[in-house]
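Structure first, then comments.
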Amino acid sequence: MSFFFMVESPVWLVANGKDEEAEKELGRLYGKQNVNVMMGWIQANDRRSKLPSMLSGVSDKVHTETNWTILTSKKFRKPLIIALGLTCINQLVGINAVFFYSSSILKDAGISDSRVGLMIIDILNVVPVPIAAALTKILRKRTMLISGISVMVLCCIGMTFSLVYSVGWLSIVFLGVFVVGYDLSIGPLLWPIVAELFADSARGAAVGTCVTMKWICSLIVGIGFPYVEEAITNYSFTPFLGTTILSIIFIYFMVPETSDMTIAEIQDGFRSDHSVQSSSKSQM
Numbered sequence: 000m001s002f003f004f005m006v007e008s009p010v011w012l013v014a015n016g017k018d019e020e021a022e023k024e025l026g027r028l029y030g031k032q033n034v035n036v037m038m039g040w041i042q043a044n045d046r047r048s049k050l051p052s053m054l055s056g057v058s059d060k061v062h063t064e065t066n067w068t069i070l071t072s073k074k075f076r077k078p079l080i081i082a083l084g085l086t087c088i089n090q091l092v093g094i095n096a097v098f099f100y101s102s103s104i105l106k107d108a109g110i111s112d113s114r115v116g117l118m119i120i121d122i123l124n125v126v127p128v129p130i131a132a133a134l135t136k137i138l139r140k141r142t143m144l145i146s147g148i149s150v151m152v153l154c155c156i157g158m159t160f161s162l163v164y165s166v167g168w169l170s171i172v173f174l175g176v177f178v179v180g181y182d183l184s185i186g187p188l189l190w191p192i193v194a195e196l197f198a199d200s201a202r203g204a205a206v207g208t209c210v211t212m213k214w215i216c217s218l219i220v221g222i223g224f225p226y227v228e229e230a231i232t233n234y235s236f237t238p239f240l241g242t243t244i245l246s247i248i249f250i251y252f253m254v255p256e257t258s259d260m261t262i263a264e265i266q267d268g269f270r271s272d273h274s275v276q277s278s279s280k281s282q283m
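Just so you know, we're using numbering that gives the first Met the number 0 here: the sequence shown kicks off at 0 and counts up by one.
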C-alpha cells in the first residue's frame, strides 16, 4: 500500500519535461515555500547534463543507459568494478551468515539458550544505522568503510578464539561488535556510494546490476556457510577473516572518496582517468 504514497522523482520529471508535476512532488517533499529554490537547482543540473548534446547538435532527449551498455562500455568499466566490488563486500564479509545461522553459532560456543544473544544482536543491528547517517557528515566515507571493516577483522579473530575455547559470553560480544562494525560501514554506505559513482542516465541500470550481484552473493553465503561450518567447525569465521582483509585492500586501492563531491565532480574524475589510460595506450 505504501507505493501509492511514494513521490515520483522530481529530477526524472524535469528531465522529461514535466515541470509542473515536478513542482507538485517537490511541494510534497520540501514544502511549497521551497519549491522555487529546489526547481532552480534541479533545472540547472539538468541543463548542465544536456550541455554536451546541445553543443554537438544532437537531440537532448533523455538517454537512459541499459544494463548491456553498463556491462560493455569502457567508460563505465571502472565505476562498475568498484560498485560490484562493494556489493560483493557487502555480502561476503559474512553478515548474512551471522543472521542466518547465529543460533547454531551460539550453540557451537556452548550457549544452550541463544534467544538472549539473538535479541542483543538484533538490537545492535538497528541502533548503529542512524549513528552512521550522522557520522557521514563528520567523517569521510572511505574512512568509515575501512574503520568498520577493520573492526570486523578483529571480531573474526575474536570469534574464532571464543569458538575454539568455548567462551560463550565472548561469542555474543564479538558477534554484536561484528554487526555494529557492519552497520557503521559497508551496510548503510553501499547504496549511497554506488549511486554517487554513476550519472543519472546510468544509475538505474547500475543499481539494478548491483542488486542482482548482491543476491547472488547472498545465495552463495546462505548455501555455502553450513557446509563450511560443518567442515571446519570452530574455525568457520576464518573464511570471513580472509574476505574482510581483502575488502580493506580493495577499498584502499580502488574506491575513490566521494564525500563533499558532486556527482559531476565524481564523473569528471572517472573521465580524466579514462582519458589518461587512452592516451598512454595510444603512445604505446
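Ideal Cβ positions, reconstructed from N, Cα and C, are used throughout, including at glycine.
Rounded to whole angstroms, how far is the Cβ of residue 177 from the Cβ of residue 97, which I believe are closer than 8 Å? 6 Å
Cut-off 6 Å between Cβ atoms - residues of its own chain near residue 129, not counting five sequence neighbours on either side: none
If residue 237 and residue 231 are in contact, beta carbons under 8 Å, what's the gap, nearest whole angstrom? 7 Å
In whole angstroms, give me the CA-to-CA distance for residue 148 and residue 69. 28 Å
Identify, in the order they occur along the chain, each residue of the same chain with its Cβ nearer than 8 Å to the Cβ of residue 265, setting aside the five sequence neighbours on each side. 195, 196, 255 and 257
Express the C-alpha separation of residue 21 and residue 12 in angstroms, rounding to a whole number. 5 Å
Is the stretch 156-172 touching the stretch 208-218 in the sense that three or more CB pairs, one from each, lie closer than 8 Å? no
Residue 211 (DSSP reduced to helix, strand or coil): helix
Should residue 58 go down as buried or exposed, given a rule of 16 or more other Cβ atoms within 10 Å for buried? Legend: pLDDT at residue 58 = 49, less than 50; position of this residue unreliable, value from coordinates given subsequently. Exposed.
Range of the contiguous alpha helix (DSSP H) that encloses residue 285: In this structure the chain extends from 0 to 283, so residue 285 is not present and cannot be described.
Have a look at residue 83 and residue 209 and give me their C-alpha separation to the nearest angstrom. 6 Å
Which two residues bound the contiguous alpha helix (DSSP H) that contains residue 115? 114-125
Within 10 angstroms of its Cβ, does residue 143 collect 16 or more other Cβ (buried), or is it exposed? buried
May I ask you to report which of helix, strand or coil DSSP gives residue 269? helix
Under 8 Å by Cβ, that's how I've got residue 220 and residue 95 pegged, so tell me the actual separation to the nearest angstrom. 5 Å
Looking only at C-alpha atoms, which of 14, 175 and 155 sits nearest to residue 43? 14
Residue 27 (DSSP reduced to helix, strand or coil): helix
Give the single residue among 100, 191, 93 and 153 whose Cα lies nearest to the Cα of residue 81. 191
In angstroms, rounded to a whole number, what distance separates the CA positions of residue 65 and residue 201? 7 Å
Please work out which residues of its chain come closer than 6 Å, Cβ to Cβ, to residue 37, disregarding the five sequence neighbours upstream and downstream, and give them in chain order. 25 and 29
Does the Cβ-Cβ distance between residue 242 and residue 91 come in under 9 Å? yes
So is residue 35 buried or exposed if we call it buried at 16+ other beta carbons inside 10 Å? exposed
Indicate whether residue 184 and residue 146 have their beta-carbon atoms separated by less than 9 Å. yes
Start and end of the alpha helix (DSSP H) containing residue 194? 185-195
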